[in-house]
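Per this note's numbering: the sequence shown = residues 1340 to 1603.
Let me begin by presenting the structure, written as structure tokens, before commenting on it.
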Amino acid sequence: MAYPPEIRTVQVTRYVTPLREGGSLPAIVEADDAFMYVLKFRGAGQGVKALIAELIAGELARLLGFRVPEIVFAELDESFGRTEPDEEIQDLLRASEGLNLALHYLSRAITFDALVNVPSARLASQIVWFDCLITNVDRTARNTNMLMWNRELWLIDHGAAFYFHHAWQNPAEQARRPFVQVKDHVLLPLASELDAVDAEFRALLTPDKIRTVVALIPDQWLLGDAPFASVAEHRQAYADFLETRIAHSQLFITEAHHARQARI
1340 MAYPPEIRTV QVTRYVTPLR EGGSLPAIVE ADDAFMYVLK FRGAGQGVKA
1390 LIAELIAGEL ARLLGFRVPE IVFAELDESF GRTEPDEEIQ DLLRASEGLN
1440 LALHYLSRAI TFDALVNVPS ARLASQIVWF DCLITNVDRT ARNTNMLMWN
1490 RELWLIDHGA AFYFHHAWQN PAEQARRPFV QVKDHVLLPL ASELDAVDAE
1540 FRALLTPDKI RTVVALIPDQ WLLGDAPFAS VAEHRQAYAD FLETRIAHSQ
1590 LFITEAHHAR QARI
């Protein structure tokens, strides 16, 4: 991953089809660079917080060497939804005018199937460690949020990560908590190299690199719905959470070990 990372901005030109997954209604769209993207709307249920989680988690994943679709900022013009016949979608488009987030659409990718696709113990351990760090509850057998594309495993959909930021109740304490939901992680039974991965990833995720990723969050996404006096303070809270969590990673590693022993 190049530093500092650069996030391109595209203009959405065509709404192709909704992806009716959960309540967020992401959509496949075409942009002015002629590429197709999966658009995540700021006007969906979790608002810009889901976009912030997607951005931070996706770029941290890229930094750690995972395959993640390119993330772009996607501008949605105010006139875009006027011809949309579906009222629910039209309301979503109107609520999402301005800057949204999108991921490059991996055409013909197939959903990861744990019974068919068996990653190495090392890769499984890396993904489990990463999801414990970002508190990602969405990597279960029911909803793996992984794709197989060109015979390689890709990570997608991290909008449910960093769930603490929906309330911002004592984030310093939240950062030191084990990730009990790891017990449901689809790759946990294969994750036998967590200790080795912990040492490797702790060395990679330096405070400087964490702050570089957090700096990517657009100021306009940090202006409201948070108990901070300024955008800078809000942004710093994400960096503090990650740095504290990495410093205390043994807490979530121990929890993962115990959960794995209960599963195998």
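Positions of the beta carbon are idealized from the N, C-alpha and C atoms, including for glycine.
query, result
"Let me know the secondary structure DSSP gives R1447 once reduced to three states.", "coil"
"Just to check my reading of the structure: L1431 and L1394 have Cβ atoms closer than 8 Å, yes? What is that Cβ distance to the nearest angstrom?", "About 20 Å; that fails the 8 Å criterion."
"Just to confirm, are R1478 and L1590 a CB contact at a threshold of 8 Å?", "no"
"Along the chain, where does the beta strand (DSSP E) that runs through A1413 open and close?", "I1410 to L1415"
"Starting from E1532 and walking both ways along the beta strand (DSSP E), at which residues does that stretch end?", "From DSSP, E1532 is part of no beta strand (DSSP E); its letter is neither H nor E."
"At a cut-off of 7 Å, would you count W1560 as near the ligand FMN, judging by its Cβ distance to the nearest heavy atom?", "Summarising the ligand content, the structure contains no ligands, and the ligand FMN is consequently not present."
"Considering only C-alpha positions, which residue in the set R1584, F1501 and V1455 is nearest to L1390?", "F1501"
"Need the endpoints of the alpha helix (DSSP H) that I1495 sits in, please.", "Unbroken run through I1495: none, as it is neither H nor E."
"Is A1413 closer than 8 Å to V1349 when the C-beta atoms are compared?", "yes"
"Decide if S1569 is buried, meaning its Cβ has at least 16 other Cβ atoms within 10 Å, or exposed.", "exposed"
"Measuring CA to CA, which of W1560, A1576 and L1543 is closest to G1386?", "W1560"
"Looking at the strands, I want to know which residues DSSP matches up with H1524.", "T1479"
"Report the CB separation of F1518 from C1471 in whole angstroms; it is logged as a contact under 8 Å.", "4 Å"
"Indicate whether A1448 and W1493 have their beta-carbon atoms separated by less than 8 Å.", "yes"
"Could you have a look at I1603 and say whether DSSP puts it in helix, strand or coil?", "coil"
"When you compare the CB of H1587 with every CB in chain B, is at least one pair closer than 8 Å?", "Included in the structure is just one protein chain, with no chain B present."
"Going by C-alpha distance, which of A1506, E1426, E1398 and V1476 is nearest K1388?", "A1506"
"Around the C-beta of I1495, are 16 or more other C-beta atoms found within 10 angstroms, so that it is buried, or is it exposed?", "buried"
"Measure the beta-carbon distance from A1463 to A1530 and round it to whole angstroms, keeping in mind my assumption that it falls under 8 Å.", "5 Å"
"If you compare alpha carbons, which of N1475, D1371 and D1547 is closest to R1347?", "D1371"
"Along the chain, where does the beta strand (DSSP E) containing I1367 start, and where does it finish?", "A1366 to A1370"
"Per the DSSP calculation, N1484 is bridged to which residue(s)?", "DSSP lists no partner for N1484."
"With a CB to CB cut of under 7 Å and the five nearest residues on each side skipped, what residues in its chain are close to L1280?", "No statement about residue 1280 is possible, as the shown extent of the chain runs from 1340 to 1603 and does not include it."
"Can you give me the C-alpha to C-alpha distance between A1396 and A1565, rounded to a whole angstrom?", "19 Å"
"Hey, could you find the ends of the alpha helix (DSSP H) R1550 is sitting in?", "P1546 to V1553"
"So which of L1562, Q1508 and P1458 has the shortest CA-CA distance to V1525?", "P1458"
"Do you know offhand how far Q1513's Cα is from A1586's?", "13 Å"
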